[in-house]
Amino acid sequence: MRRQSVARRELPLFVAHDGTSSRANITCKYKCGDACSHRVPNTSGGEYFGDIVRHAMSRRGVLRGGAMAVLAVGAGGVLAACSDDSAAATGGGDGAAQGAVDLGPSAPGTDFTPVAPNTDDAVVVPEGYEQAVVIRWGDAVLPDAPDFDLDRQTAAAQEKQFGYNNDFAGLLPVDGVPGAYLLVVNHEYTSEPFMFAGYDPDDPTEEQVRIGIANHGLSVVEVRGESGSGRLTPVFGDHNRRITGTTEFLLTGPAAGSDLVKTTADPTGTKVAGTFNNCAGGVTPWGTVLSGEENFNQYFANAESVTDPVVAERLARYGIEGAESERKWERFDPRFDIAAEPNEVNRFGWVVELDPWDATSTPVKHTALGRFKHEAATIHITDDGTVVAYSGDDERFDYMYKFVSSRKMQDGNSRAAVRHNMTLLDAGTLYVAKLTGDHPDAVDGSGTLPEGGQFMGSGEWIPILRTDEDGRGESLVEGMTAEEVAVFTRLAGDAVGATKMDRPEDFEPNPVTGKVYVALTNNTKRGVDGNPPADEANPRVNNKNGQVLEIDDDHAGTSFTWNLLLVCGDPNEADTYFGGFDKSQVSPISCPDNLAFDPHGNLWISTDGNALGSNDGLFAVVLDGPRRGETKQFLTVPVGGETCGPIIEDDRVVVCVQHPGETDDASWDSPSSHWPDGGRTQPRPAVVAAWKSGGGRIGF
Ligand code: FEO
Ligand code: CA
Ligand code: CA
């Protein structure tokens, strides 16, 4: 293992930025229905840290002495660098204090030269590493798929081709076939102006609408690795499959069969056509894939026609408003018209589960996990086989949830075990999180660390819905039925005073340590325009760069403690924090979104909307030992793109490049990216694998 010398090279920092997110307006429009330009949907009263229990300084408030010394000197260096851009450009901060401390070798799996922030139209990996596209939008998934023809797309062709805007990716090894995997990928949303020449947003054609619907959902593709590299090649395997916006899903749990989800096409309230806006997800220990239906609200039109104040309030709480939808699907399919089909919208916003090992299986929507803008769902198994599913609601000032199963996981991958395990998320208790800070009076919204040197506190999980093993729900919220808690879960969170967070994105347990991490991506409305003020877990007003929460959870229980591992942004700025690590020695990181863990227990973070002027990237963060908080950029994605779906294996890294070239100055006639095909081609979302040249372990 390489030892770093005492006098280390400063890391390159990108300082030519105006501090606002690089997320393009057009991405906001098509990805999340312009959520940021609408009013905050959570107008509930709720409580804030300052109002709740005033915690005495816990024993954790006493910071480790060594870390405190490092932090004090490092912070001085950063402040000195702030007024001097030339110093800042080379790292600026006085790293001498920690530089003089020999931290020993790099943490296992993180020994690579960080990629510098950049705006290249390329996937950039560290020196000594290579990368290649695995599969891209339009490539064949099924053997009878026609060749992709950008100028002659059809919905029928797309139903056999790789969908648009890949987000989550899961890689499931095929038993007994070395190097073979199922690659399962979410296709979150479509960006029609970048998909069709001459697209008219005011007058989409019916075929464009059908193609858009077919481009959503998921893909299952068998891939093969090769020895000596991490390259992955798609093959036409028996498991290959496209799930689209019209594939049949089964609703399970307490909302299944409820009047709230019955429609003209489905009077039983149990069969849903399709899935939309599948953002992140998780591979379960029993070999299925979970996927979060996130910004589903944007596909539904004519909420403004609703006159019933109770229904209108429920719609508004989910950001469902206005007349026409952006894509105007309602013109060709009345289920997207709330005036015509008021309950169709209640059939989206769930965690879906897909058994990728059976290409004929019907995927499921688990209503016991509640309905909100699920970023994803990820699983921790306790010692007795209880399943804990964590899920964040990605909206400004919305909540963090967990579900604890009553059934236990069965081991093995027999069909009987999979059938049983696919019912684990149908019986148990749904909780919402309430956080308390240890320093309620010390948080002023500037990001200044409290006296203890760390933002930290405790929390409780408030139960809101219990589902019996026969599927019957019991509401734990006064004034709401079980079906209402399942379908209008945000209102249940409001009623019990859950903590309003800065957009909870991925929420993932570390398989090595059991600690749980939440990416809180940003929230520029925090403390602004009459919105809730900063609190200890969301410590900055006008939060442009986000933070990462570390939770020590009593997984099946109701209490936890927490701290902020990272307060992201420019390390030269005083409002950032990197787990106590020397800030002159970290890569700048902004807008954390997807999380993953490598086999060594390091946290990997991909970003969405970097507010520091660089393309989005993938970062490794050390969690334990003297290098806790060390943050190193492993790759960056092409201009306009977002890094999604990271998978970190011992000898391979996989990322999804979502919306390359989606910048506000770009158009069909003048693309801002030509990735991945180069020349004058249109950009295409794609999955990428990266590996060490000649093979070998990542980060060694
Ligand atoms: Fe689709 Fe929360 O990002
Ligand atoms: Ca996301
Ligand atoms: Ca995102």
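As numbered in the numbering used here, residues 4 to 703 make up the sequence shown, in order.
We put the beta carbon where it would ideally sit given N, CA and C, even for glycine.
Cutoff 6 Å; reference Thr666; Cβ partners in own chain excluding five residues on either side: Its chain contains Ala27, Gly643, Ser675 as the residues whose beta carbon lies nearer than 6 Å to that of Thr666, once the 5 sequence neighbours on both sides are disregarded; these appear in chain order.
Cβ neighbours of Ser696 in the same chain (closer than 7 Å, five flanking residues each side left out): Only Gly131, Tyr132, Glu133 meet the Cβ criterion.
Candidates Glu508, Lys528, Pro466: closest to Gly500 by CA position: Taking Gly500 as reference, the option from Glu508, Lys528, Pro466 with the minimal CA-CA separation is Pro466.
Nearest neighbour of Pro641, chosen from Ala623, Gly632, Pro686 [CA to CA]: Nearest C-alpha to Pro641: Pro686.
Distance cut-off 7 Å: Asn597 Cβ against heavy atoms of ligand 2: Yes.
Spatially closest choice to Val224 from Glu652, Lys547, Pro591, Ala362, by CA coordinates: Checking every option, the nearest Cα to that of Val224 belongs to Ala362.
Ser261 classed as buried or exposed, judged by whether at least 16 other C-beta atoms fall within 10 angstroms: So Ser261 ends up on the buried side.
Close beta carbons around Phe406, own chain, < 6 Å, minus the five adjacent residues each side: Result list for Phe406: Leu372, Ala392, Gly431, Leu433, in chain order.
Ser587 in three-state terms, based on DSSP: Annotated three-state conformation of Ser587 is helix, per DSSP.
C-beta atoms of Gly295 and Ala172 nearer than 8 Å: Between Gly295 and Ala172, the C-beta spacing is not below 8 Å.
Beta-carbon proximity of Val589 to Tyr580, cut-off 8 Å: Going by beta carbons, Val589 and Tyr580 fall outside the 8 Å limit.
Own chain, CB closer than 6 Å to Ala183, minus 5 neighbours either side, in chain order: Here the set comprises Val177, Arg227.
Inside the stretch 596–644 only - beta strand (DSSP E) runs reaching at least 3 residues: Given a length threshold of 3 residues, each whole run of the beta strand (DSSP E) inside the stretch 596–644 is given here in chain order: 606–610, 620–624, 634–639.
Whether Gly220 touches Gly248 by CB criterion (8 Å): Yes, Cβ-Cβ distance for Gly220 and Gly248 is below 8 Å.
Endpoints, beta strand (DSSP E) assigned at Glu225: Residue range 220–228 is occupied by the beta strand (DSSP E) that includes Glu225.
Cys647 - DSSP class collapsed to helix/strand/coil: Cys647: strand per DSSP, three-state reduction.
Helix, strand or coil at Met71 [DSSP, three-state]: Low confidence applies here, because Met71 scores a pLDDT of 27, under 50, leaving its location unreliable and the question unanswered by this model.
Extent of the continuous beta strand (DSSP E) run through Arg320: Run containing Arg320: none in the beta strand (DSSP E); it sits in the alpha helix (DSSP H), 312–320.
Cβ distance (whole Å) where Phe279 is taken to contact Tyr302 below 8 Å: Going by Cβ atoms, the distance from Phe279 to Tyr302 rounds to 6 Å, so yes, they are a contact pair.
Assigned exposure category for Ala160 - 16 Cβ within 10 Å defines buried: When all chains shown are included, Ala160 counts as buried.
Asn534, DSSP secondary structure in three states: Asn534 falls in the coil class under three-state DSSP.
Secondary structure of Lys368, DSSP reduced to three states: In the structure shown, Lys368 sits in a strand (DSSP, three-state: E or B).
Pairwise C-alpha distance: Tyr33 and Thr116: Spanning the two alpha carbons is a distance of roughly 35 Å.
Beta-carbon spacing of Asn525, Asn541 below 8 Å: Contact: no.
Local Cβ density within 10 Å of Pro595, reported as buried at 16 or more and exposed below that: Around the beta carbon of Pro595, 16 or more other beta carbons sit within 10 angstroms, so the residue counts as buried.
beta-carbon Glu508 near ligand 1 non-hydrogen atom, thresh 7 Å: Yes, the Cβ of Glu508 comes within 7 Å of a heavy atom of ligand 1.
Cβ distance (whole Å) where Thr250 is taken to contact Ile214 below 8 Å: Between Ile214 and Thr250 the Cβ distance is about 15 Å, and since that is not below 8 Å, they are no contact.
Backbone CA spacing between Glu329 and Ser593 [nearest angstrom]: The alpha-carbon atoms of Glu329 and Ser593 are separated by roughly 28 Å.
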